[in-house]
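Numbering of the sequence shown is given in my numbering, commencing with residue -13 and proceeding in unit increments. Worksheet for the structure shown next.
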Amino acid sequence: MPSTRERSSSCATFPEARSPPSSISVAVTGPSGSQSRLDFQVRRGSSSTGTCSRSARARTTPGGYRDLAPGERFDWILCNVPARIGEPAIGHFLEAGSARLTPQGELRVVVIRDLCEVVEAQAARLCLRGLRKVALGPRHAVYALPPGSPPREETDDVYARDEVSIEALPGRTLRLQRPQDASEDPQRGTRLALLFEALPRKPPRSVLSFRCGYGAVPLSLRARYPSARLVAQDRDLLAIAFARRNAASLGLAGEGLRFAQCLFPSEAMGPAEADLIVGESSAPAGCAVFARELRDARDRCAPGGEAVIAITEKQAREWLAGAAEGTSAAILARRQGACVVRISRPRAGHPRSAS
């Protein structure tokens, strides 16, 4: 939910659970940390008298409540809980959210249906009274919770994780934390090794890493090119949170590293700004998204720059011919089912492929 500019056309409709307050203050756990202005449509009961529009100050926070002042309270808190965050963290979102409500406030939590039992079990474990399931869809459920008691102090222990080692460059291994149930292709290590071998020796000035995940690629790039300005992009809020944590723990955070939670690489960096673009494809995302990412990589390459993208042999065989149309992308290297696609842009400005 973008919140870096004024929005007067966005509307949300809330089923009536409590009498709506005369003024509305809303917290949204989402991908941005800045404030926005929204128009909320509050529907009163089942009457046909229409809606009354209210102007609300909304505060979005990047996956938690730590950015909020201790005494800050809200009439509504809207929380989209990542499936991979772990059971203790789900309980924390419930407990800490309900504690930050005004006396007439309400917490709304959206989860996938598979997590309904987890939500209800965590509410019972924490003795949170008044939890109600207010909506149920084909894949998701919405729970409501009234104001609760002050929460316990939040610590990183609420987030489930495990560790993985990545050889960023010869003699430098990075130990990264990742979501505990993160599902990774066993061949990913082969693809990353091939991708890192394809990186240029000359240090780039600006780098874009797309589908950065929990930080394996961008933090390896940060270790390899410490003076470069690097932007790490991913659409997954939990992945970005882990990437930030890994950057801090490895001493790789700083002004030269920026994380961008957005759908596509084109939203993270402007046209022709990157000397180097590095990315990984996603099989579940499909061919159309892969084609979009190739076009974004082409358009974000600065004159004299290049993009290298890790894909599987299967994706190369089934997708590349159609997806690469107009980008001049071609395979640079192959190994054990892994491929690296390269797009380069000569100084004259027209993209060209490895051939």
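The C-beta atom is built at its ideal place from N, Cα and C for all residues, glycine as well.
| task | Provide the residue(s) that pair with D220 in DSSP beta bridges, ordered along the chain. | result | Looking up residue 220 in the sequence shown gives position 234. Beta-bridge pairing links D220 to Q247.
| query | Helix, strand or coil for D25 per DSSP? | reply | Here residue 25 corresponds to residue number 39 of the sequence shown, with the count starting at 1. Caution is warranted here: a pLDDT of 34 is assigned to D25, below 50, making its placement in the model unreliable, and the coordinate value is therefore given only provisionally. D25: strand per DSSP, three-state reduction.
| request: Tell me whether the beta-carbon of V217 lies closer than 8 angstroms to the beta-carbon of V264. | output: Reading the sequence shown from its first residue, position 231 is the one you call residue 217. Reading the sequence shown from its first residue, position 278 is the one you call residue 264. Not in contact: V217 and V264 (Cβ atoms no closer than 8 angstroms).
| message | DSSP three-state label for P204, please. | response | Taking the first residue of the sequence shown as 1, we reach residue 204 at position 218. Three-state result, P204: helix.
| In terms of alpha-carbon separation, which member of A334, L131 and P270 lies closest to G290? | Stepping through the sequence shown from its first residue, residue 290 is reached at position 304. Nearest C-alpha to G290: A334.
| field | Assigned secondary structure, D282 (DSSP; H/G/I helix, E/B strand, else coil) | value | Taking the sequence shown and counting its residues from 1, the one referred to as residue 282 is at position 296. Helix, per DSSP.
| said: Does S252 come out as helix, strand or coil in the three-state DSSP assignment? | reply: Taking the first residue of the sequence shown as position 1, residue 252 is located at position 266. Helix, per DSSP.
| message | My parser needs the beta strand (DSSP E) runs of 3 or more residues fully inside the region 113 to 191; what are they? | response | 118 to 122, 126 to 131, 147 to 155 and 158 to 165
| According to the neighbour-count rule (16 or more other Cβ atoms, all chains shown, within 10 Å of its Cβ), is A260 buried or exposed? | Taking the sequence shown and counting its residues from 1, one reaches residue 260 at position 274. Buried, because 16 or more other Cβ atoms sit within 10 Å of the Cβ of A260.
| query | In three-state terms, what does DSSP make of C198? | reply | The count along the sequence shown starts at 1 and reaches residue 198 at position 212. Note: C198 maps to coil in three-state DSSP.
| said: In this structure, how does DSSP classify G83 when only helix, strand and coil are distinguished? | reply: By 1-based counting over the sequence shown, the position of residue 83 is 97. G83: helix per DSSP, three-state reduction.
| Three-state secondary structure assigned by DSSP to V67 | What you label residue 67 is simply residue 81 of the sequence shown in a count that begins at 1. V67: coil per DSSP, three-state reduction.
| query | Hey, how far is the Cα of I152 from the Cα of L180? | reply | The residue you call residue 152 lines up with position 166 of the sequence shown. The residue you call residue 180 lines up with position 194 of the sequence shown. About 13 angstroms.
| request: Could you pull out every unbroken beta strand (DSSP E) segment of at least 3 residues lying fully inside the region 268 to 314, listed in chain order? | output: 287 to 298
| query | To the nearest whole angstrom, what separates the beta carbons of A184 and L318, a pair I think is in contact under 8 angstroms? | reply | Here residue 184 is taken as the residue at index 198 of the sequence shown, counted from 1. Here residue 318 is taken as the residue at index 332 of the sequence shown, counted from 1. Right, their Cβ atoms sit about 6 angstroms apart.
| task | Specify, as a first and last residue, the run of the beta strand (DSSP E) that E266 falls within. | result | For this step, residue 266 is matched to residue 280 along the sequence shown. Element bounds for E266: A260 to E266.
| query | Helix or strand or just coil, what does DSSP make of Q90? | reply | Here the question's residue 90 lines up with position 104 in the sequence shown. The answer is strand: DSSP assigns Q90 an E or B state.
| said: Going by C-alpha to C-alpha distance, which of A107, P136, L131 and R99 sits closest to P124? | reply: Position 138 of the sequence shown holds residue 124. Closest by alpha carbon: R99.
| query | Skipping 5 residues on each side, what residues in its chain have a beta carbon closer than 6 angstroms to that of T88? | reply | Against the sequence shown, residue 88 aligns to sequence position 102. Within the same chain, T88 has close Cβ partners R59 and D61.
| Helix, strand or coil at A214 [DSSP, three-state] | Here residue 214 is taken as the residue at index 228 of the sequence shown, counted from 1. Three-state result, A214: coil.
| In this structure, does DSSP put L101 in helix, strand or coil? | In the sequence shown, residue 101 corresponds to position 115, counting from 1. It is helical.
| If we count the other Cβ atoms within 10 Å of its Cβ and call it buried at 16 or more, is A324 buried or exposed? | Here the question's residue 324 lines up with position 338 in the sequence shown. By the neighbour-count rule (16 or more Cβ atoms within 10 Å), A324 is buried.
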